[in-house]
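K.L.:
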């Protein structure tokens, strides 16, 4: 894999390779990973490519048609290439040069791929930085007006340039804590920016900077409710299959996330069957809970096992979570690396299997396998009342919920503004609608900081708008960046078939009635993967929690957490940001260890599942640890 970086002096000074070498030296890599560094310095421009892998080869930077290119890219469809996924890195860069020579600033529009690349036009003295349509590959930059533009596909490279101070951005840290990703450019380091997904930045040697969005997910031709559900499901399956096949390069070892969910299971099965034709295995990795002799914890193991047993070409490794999810939270300087520790265990296993690419089903919930929130409200607004009544009856039969509850919670709630709806519930003697995790976390901030955060938009009675809101949330690209930067040190790349551009552009056209059908959410996606995944997975109504042991760990460590919280109360820098009373109150609501064990054992015997409502209760404490560490540094 390649990481790219460079600098453009905006004051005309020539570049020497010292800063580029410092940037390249800043990224530590695994012991078995080879590195090769290629630099190009000419006048005010310096560009570099750092190649990482087990078969790393040195190569010259690409020049074609008067253009210089460095790319961190995998291309899946592109004009002028029959099978771009199998192009060598040099061939990919030459193709990008030809596309820019032909299409100019519109060159990225017809490309589907995971990419971050830089194009230098020697004649016009203009640098272009381009990032893929969803943000699978990161691209960071620092712009000092009149001085320089510094850029890289990994934040660590920029921070080792010695050209930027690491001044901590507290506001962005607070936003990270409450899952507010509305600032699509912000990082924890002031001045360090992220180029948004589907954007291109153009910078001239004289310092003129422009940025524009070159692609946006839109519904150009909505599919009517009268269309054939079965035919649309087959079309969706075809697009999904093509998305997976495009992400299976011939010369690399493939791995995949495999949970008990629909998305990762479908992707793993499609990939395993395709690889089997070439005699290549698929290595999969499944998160499971830690086993304990004193309690029976139900996790996703039965569903991943059902998939593995039915597919002889799937090789599976079970991954238990780390003892402390926050043990790597400071691993990346530009963000809180909350999920870093768990994924490190997958990367350890993938490295042993010499995997080059990991397929992930992440991102499917946003559009392709969207659960259909708001579908019943939309049927009501469109006057499709007979269909709505049939669906309410079917959902009641399937879930056991009362029809009046479904009418209230899945129809009326999507039609009435949230505050008014809670007022109406109180008048009726009912509790407010349960808060989302981000809403709960916001309440743990001091009032001055609560005002600075943006709450997630609750689903309304428009499924297409709901899908687009979820897809365009900055959290999608943020998580993709996490995986990209985490895998880089191992020479491993992640790719996401559910975010394939062609698949997205078809799925967004599907009507509300196809998303919830016969009382079941994700209806058309379930139909699309019929006879592909085990029925126990395809018909599973609610996904299991991958780490139920976290609630037990929280109960066991609750008193220690409360003691640590009291110590932190003495730090005025922390009390200015976080409402310690609210955090303590939440921690004290965590049930006792024996109560949690009894609930899990009852679930294993066929009883109801224990409430995971408070499993987030240690997140404020993790944030406080992180905040103290960064403020101290």
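Numbering (UniProt numbering), first residue to last: 1 to 633. Glycine included, C-beta positions come from ideal geometry on N, C-alpha and C.
1. Could you tell me the boundaries of the beta strand (DSSP E) in which residue 51 lies?
2. Does the region 299 to 307 touch the region 545 to 554, meaning 3 or more C-beta pairs lie closer than 8 angstroms?
3. What residues match up with residue 492 in a beta bridge as DSSP calls it?
4. By DSSP, does residue 556 sit in helix, in strand, or in coil?
5. Residue 62 and residue 34 look like a contact to me (Cβ under 8 angstroms); what is the Cβ gap, rounded to whole Å?
6. Could you tell me which of 123, 51, 487 sits nearest to residue 331, measuring between CA atoms?
7. Distance, Cα to Cα, residue 105 vs residue 421?
8. Spatial neighbours of residue 640 within its chain, please: C-beta separation below 7 angstroms, excluding the five flanking residues on both sides.
9. Within its chain, find whatever has a CB closer than 7 angstroms to the CB of residue 569; leave out the 5 residues flanking it on each side and keep chain order.
10. Between which two residues does the alpha helix (DSSP H) carrying residue 623 extend?
11. Going by C-alpha distance, which of 31, 527, 36 is nearest residue 24?
12. Once DSSP output is grouped into helix, strand and coil, what is the label at residue 203?
13. Compute the beta-carbon to beta-carbon distance between residue 491 and residue 1, rounded to the nearest angstrom, for a pair I have assumed lies under 8 angstroms.
14. Pull up the distance between the alpha-carbon of residue 88 and that of residue 456, whole angstroms please.
15. Within a Cβ cutoff of 6 angstroms, which residues of the same chain sit near residue 643, ignoring the five residues on either side of it in sequence?
16. For residue 14, which option in 47, 4, 379 has the closest C-alpha, if you only look at C-alpha atoms?
17. Rounded to the nearest angstrom, what separates residue 595 and residue 560 at their Cα positions?
18. For residue 211, does the three-state DSSP call read helix, strand or coil?
19. Run the CB neighbour count on residue 159, radius 10 Å, all protein chains shown included, and call it buried at 16 or more, exposed below.
20. Determine, using beta-carbon pairs with one atom in the region 470 to 490 and one in the region 351 to 365, whether at least three such pairs fall under 8 angstroms.
21. Run through the DSSP bridge pairs and tell me what residue 42 is partnered with.
22. Please name the residue, chosen from 86, 558, 165, that lies closest to residue 334 on a Cα-to-Cα basis.
23. Quick test of the definition: if touching needs 3 or more C-beta pairs under 8 angstroms, does the region 606 to 618 touch the region 581 to 592?
24. Apart from the five residues just before and just after residue 631, which ones in its own chain have a Cβ nearer than 6 angstroms to its Cβ?
25. What does the alpha-carbon distance come out to for the pair residue 388 and residue 28?
26. Examine the Cβ distances between the region 129 to 138 and the region 102 to 117 and report whether three or more of them are shorter than 8 angstroms.
P.N.:
Looking at the atomic coordinates:
1. The sequence position of residue 51 within the chain shown is 51, counting from 1. Residue 51 -> beta strand (DSSP E) spans 45 to 53.
2. Yes, since at least three Cβ pairs between the region 545 to 554 and the region 299 to 307 fall closer than 8 angstroms, the two stretches touch.
3. In the chain shown, the residue the question calls residue 492 occupies position 492. Beta-bridge pairing by DSSP links residue 492 to no other residue.
4. To locate residue 556, count along the chain shown from 1; it is residue 556. Secondary structure at residue 556: helix, using DSSP grouped into helix, strand and coil.
5. Here residue 62 corresponds to residue number 62 of the chain shown, with the count starting at 1. Here residue 34 corresponds to residue number 34 of the chain shown, with the count starting at 1. In this structure, residue 62 and residue 34 do not form a Cβ contact; the two beta carbons are roughly 20 angstroms apart against a cut-off of 8 angstroms.
6. Translated into positions along the chain shown, residue 331 becomes position 331. For residue 331, the nearest C-alpha among the options comes from 487.
7. Looking up residue 105 in the chain shown gives position 105. Looking up residue 421 in the chain shown gives position 421. Rounded to whole angstroms, the gap between the alpha carbons of residue 105 and residue 421 is 47 angstroms.
8. Residue coverage of the chain in this structure runs from 1 to 633, which leaves residue 640 outside it and unanswerable.
9. For the purposes of this step, residue 569 is taken as residue 569 along the chain shown, with counting starting at 1. Excluding positions up to five away in sequence, the list reads 575, 580.
10. Here the question's residue 623 lines up with position 623 in the chain shown. Unbroken alpha helix (DSSP H) run through residue 623: 619 to 632.
11. Here the question's residue 24 lines up with position 24 in the chain shown. Looking from the CA of residue 24, the closest CA among 31, 527, 36 belongs to 36.
12. As a first step, residue 203 is located in the chain shown; it is residue number 203 there, counting from the start. Residue 203 falls in the strand class under three-state DSSP.
13. For the purposes of this step, residue 491 is identified with residue 491 of the chain shown, where counting begins at 1. For the purposes of this step, residue 1 is identified with residue 1 of the chain shown, where counting begins at 1. Separation of the CB atoms of residue 491 and residue 1 is rounded to 6 angstroms, and the pair is thereby assigned contact status at 8 angstroms.
14. For the purposes of this step, residue 88 is taken as the residue at position 88 of the chain shown. For the purposes of this step, residue 456 is taken as the residue at position 456 of the chain shown. The C-alpha of residue 456 is placed about 41 angstroms away from the C-alpha of residue 88.
15. Because the chain in this structure spans residues 1 to 633, residue 643 falls outside the shown range and cannot be described.
16. As a first step, residue 14 is located in the chain shown; it is residue number 14 there, counting from the start. Closest option to residue 14, Cα to Cα, is 47.
17. The residue given as residue 595 occupies position 595 in the chain shown. The residue given as residue 560 occupies position 560 in the chain shown. If I take the Cα positions, the gap works out to 18 angstroms.
18. To locate residue 211, count along the chain shown from 1; it is residue 211. Here residue 211 sits in strand by DSSP.
19. The count along the chain shown starts at 1 and reaches residue 159 at position 159. Buried: at least 16 other Cβ atoms inside 10 Å.
20. In this structure the region 470 to 490 touches the region 351 to 365; the number of beta carbon pairs closer than 8 angstroms is three or more.
21. Along the chain shown, read from residue 1 onward, the residue named residue 42 stands at position 42. In DSSP, residue 42 forms a bridge with 45.
22. Along the chain shown, one-based indexing puts residue 334 at 334. The shortest C-alpha separation from residue 334 is found at 165.
23. The answer is yes - the region 581 to 592 touches the region 606 to 618, with three or more Cβ pairs under 8 angstroms.
24. Locating residue 631 in the chain shown gives position 631, counting from the first residue. Spatial neighbours of residue 631 in its own chain (CB-CB distance under 6 angstroms, excluding positions within 5 residues in sequence) are listed in chain order as 573.
25. Residue mapping note: residue 388 aligns to position 388 of the chain shown, counting from 1. Residue mapping note: residue 28 aligns to position 28 of the chain shown, counting from 1. Just so you know, the alpha carbons of residue 388 and residue 28 end up roughly 57 angstroms apart.
26. Touching, yes, given that three or more Cβ pairs across the two stretches are closer than 8 angstroms.
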